[in-house]
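First the structure, in the form of structure tokens, and then the observations on it.
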Amino acid sequence: YETTIPIHPKILAPLSYILPVIAGLIVILLERRNTYVRLHAWQSTVLSLIVYISSVFFFWLRPVAGLIHLAGFFAAILCMFRAWKDAETLTFFKLGFIGDFAERQV
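If you want this note's numbering, it's the 1-based position in the sequence shown plus 10.
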């Protein structure tokens, strides 16, 4: 459970999802030891970027852009809960291809 940042992984992994893109990038840059925390930081960052890029692409369809943001919000809440819940067993909850990409980055 060693981390570079002096916060327990059970807290640090879910914190990656708190501020879209920013929190994930901070954790990616500062955390060097704990792969569980880094996986969640990468997943958080990629999820946030996909939500932002998709909503910019669909900006002219306001309801679609709103649904994209809502889906991203609920995906982040789910990932935050699973990061907290699975921290004791270090089981990584993956969001499909986003989780696969995050695994390759760590």
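Think of the CB as a built atom: it goes at the ideal place given N, C-alpha and C, for glycine as much as any other residue.
Helix, strand or coil at residue i according to DSSP, with G and I counted as helix
i      : result
LEU71  : coil
PHE27  : It should be pointed out that residue 27 corresponds to Tyr in this sequence rather than to Phe. TYR27 falls in the coil class under three-state DSSP.
PHE83  : helix
VAL116 : coil
LEU39  : helix
PHE102 : coil
ALA97  : coil
THR13  : coil
HIS18  : coil
Environment of residue i [buried if 16+ CB atoms lie within 10 Å]
i      : result
ALA97  : buried
THR55  : buried
PRO73  : exposed
ARG114 : exposed
PRO16  : exposed
VAL66  : exposed
Cβ neighbours of residue i in the same chain (closer than 6 Å, five flanking residues each side left out)
i      : result
GLY109 : GLN53
SER64  : ILE78
ALA51  : SER26, GLY34, VAL37 and ILE38
PHE68  : VAL74 and ALA75
Neighbourhood of residue i by C-beta, 7 Å cutoff - its chain only, sequence neighbours within 5 removed
i      : result
LEU105 : GLN53, LEU57, ALA85 and CYS89
ARG42  : THR14
Contact belief for residue i with residue j at Cβ below 8 Å, rounded distance in angstroms
i     : j     : result
LEU59 : VAL31 : 6 Å
Min CB distance residue i to chain D below 8 Å
i      : result
GLU113 : Checking the listed chains, one finds no chain D in this structure; it contains a single protein chain.
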